[in-house]
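Below is one structure, written out as C-alpha cells, with a few remarks after it.
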Amino acid sequence: MDVRNPAEPSRPGAADPALTTGALARRLGVSPTTLRSWDRRYGIGPAARTGGRHRRWAPEDVTTLETMCRLTASGVPPAEAARAAREGAEPAALRRPPGPAPAPGGPAGLPAPAADGAPLPADARQEGRGLARAAVRLDAVALEERLESMLTRYGLVVAWQDVMAPTLHAVGRRWASSGDRYVEVEHLLSWHVSTTLRRHTRQSAAAAGATGAGPVLLACVPGEQHTLPLEALNAALSRLGVPARMFGAAVPAEALLAAVRRLGPVAVVLWAQARSTASLPLAEHVTAMEWGVRGARARPLMLLGGPGWSGRPARGMLRPASLSEALDILAAGCRAAPPGEPS
C-alpha cells in the first residue's frame, strides 16, 4: 500500500499522484491565489483537471511552475516569464552581456577610484523586484543566485546602492506598515545579503601595509544593530585594497575608544540608523583623539554614516551620502595619510 503523503514533493522516477493547488503552493513558497492568477492570466495551469474543475498539478506542470518562479525571482516580468516557462526558452530580459570587471587596484597597492561594475539605471527596479519576490517566497536558493549574479554583473558598489539597499528599505517599510507581518522576509533577505557581502570581502596581509597608514575602523554606535551598510563598505574597501577593521553592531563607547588608541586608524566610520542612537559627543571625542610623536601627531578622519546623524551639527566630520562617496573619501584619505603609530 502506498502511504506517501500526496502533498510531499515527488522523487525522481516515482509515479507520484498529481498535487493539489495548496500542496504545490507550499512546495513553491507562493500563495494558492498566485497560482490561480498565473493560470488565469498567463495560461500557466495544470494539463488536466478533475471533476468540478479542481486543479491537479502533474510533474510536468510543477517543472513549468518552478521555472516561472525562478524567472520572476530574477526580475523577469511575469508575462515574459510565463511565455519562457511554457516554451523552454531563455527570456530576452536575461540575455544581457555582463558588465566590465571591477577596477583593479592603483599603483603600488594604493586604492583605485571607487568605480565598480556597470551602471544599472534601467535594470535596477527589475532586479529589485526579482530580489523582493524571492524574499517574500522565502526562496533561499533564488536569493543566493540573484545576489551572486548581481555582484558579478554590476560590481559591489552598484549592486548595493541600486538594488540591495533599496530592496531592504522597501521590505522594511512593508513590514513596518503591516503589523509585524513579513518579519521573516526581512530577516531572510538581510541574512543572505550579509552572507554575500562577507563572501566578497577580501582579507589580505598585503593590504594591511599597502599605504603605511592605519586601517579604517568601522563600527556602529552603542545601541545600534544595523550593520549591513558597514558590511557593504567593508567589502568594498577590501576590493580596493584599503585595510579596514569591522567591529559591527552596538560597539560600547569604551571599546571603541580603546580600539582607536590601539590601531591609530586613518579614519573612523560610525553608523547610526536612528537619531536615538547617534551620539555626537562620542563622535567628537573620537575626532579629537591624537597619537604619534610630538610635532607629527595624527588624528582620525571621522565619517558619520546613516540617517541617525541627519540634522546634527558635524564640525570637523564628514557625512557621505552614498557608498561610492564614502569610498572616494576613504581612498583619498589613505593616500594622503602619513604613516603613524598610536601613542
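For the sequence shown, position 72 (counting from the first letter as 1) is numbered 72 according to UniProt numbering, and the numbering increases by one without interruption. Beta carbons: idealized from backbone N, C-alpha and C, even for Gly. The structure displayed is predicted, hence computed values, not measured ones.
Assuming the contact rule is C-beta atoms closer than 8 Å, residue i and residue j should be a hit. Round their C-beta distance to whole Å, please.
i              : j             : result
methionine 289 : valine 260    : 6 Å
proline 229    : glycine 305   : 6 Å
alanine 258    : glycine 223   : Between glycine 223 and alanine 258 the Cβ distance is about 18 Å, and since that is not below 8 Å, they are no contact.
threonine 277  : valine 221    : 5 Å
valine 171     : glutamate 186 : 5 Å
Roughly how many angstroms separate the alpha carbons of residue i and residue j, rounded to a whole number?
i                 : j              : result
leucine 217       : tryptophan 160 : 20 Å
histidine 200     : alanine 18     : 42 Å
aspartate 61      : proline 46     : 6 Å
arginine 275      : glycine 308    : 4 Å
residue 374       : valine 76      : Residue 374 lies beyond the range of the chain shown here (1 to 343); nothing can be said about it.
threonine 34      : leucine 263    : 54 Å
serine 238        : leucine 327    : 11 Å
tryptophan 291    : histidine 285  : 14 Å
serine 324        : valine 157     : 7 Å
glutamine 88      : arginine 198   : First, the residue type needs correcting, since residue 88 is glycine and not glutamine in the sequence shown. Each residue's Cα considered, the two are about 35 Å apart.
arginine 315      : glutamine 273  : 20 Å
alanine 283       : glycine 22     : 54 Å
proline 166       : alanine 124    : 9 Å
proline 281       : histidine 226  : 20 Å
threonine 196     : glutamate 254  : 31 Å
arginine 55       : leucine 168    : 36 Å
alanine 81        : arginine 41    : 12 Å
aspartate 162     : arginine 86    : 31 Å
glycine 105       : leucine 28     : Any reading at glycine 105 must be qualified, since the residue scores a pLDDT of 39, below 50, and its modelled position is unreliable; no value is offered.
glycine 130       : valine 136     : 10 Å
leucine 256       : serine 37      : 54 Å
alanine 205       : arginine 312   : For alanine 205, the predicted model reports a pLDDT of 49, less than 50, meaning its position is unreliable; a value from the coordinates is still stated below. Cα to Cα, the separation comes out at about 38 Å.
alanine 114       : serine 322     : Its pLDDT being 38, under 50, alanine 114 is placed unreliably in this model, and the value from its coordinates should be taken loosely. Alanine 114 and serine 322: Cα-Cα distance of roughly 11 Å.
phenylalanine 247 : leucine 188    : 22 Å
For residue i, write down the residues that DSSP places opposite it in a beta bridge.
i            : result
threonine 20 : Arg56
For residue i, verify whether its CB is less than 7 Å away from any heavy atom of the ligand FAD.
i          : result
proline 77 : No copy of the ligand FAD occurs in the structure displayed, which carries no ligand at all.
Practice task
Decide if the segment 67 to 87 is in contact with the segment 131 to 149; the criterion is three or more beta carbon pairs, one per stretch, under 8 Å apart.
Solution key: yes
Entirely enclosed alpha helix (DSSP H) segments - the UniProt domain "B12-binding" (213 to 343), minimum 4 residues
Contiguous alpha helix (DSSP H) elements confined to the UniProt domain "B12-binding" (213 to 343) occur at 228 to 239, 253 to 263, 280 to 288, 323 to 336, taking only those with 4 or more residues.
So within the segment 151 to 186, which uninterrupted alpha helix (DSSP H) runs reach at least 4 residues, ignoring any that extend past its ends?
The segment 151 to 186 contains these whole alpha helix (DSSP H) runs: 156 to 159, 165 to 176.
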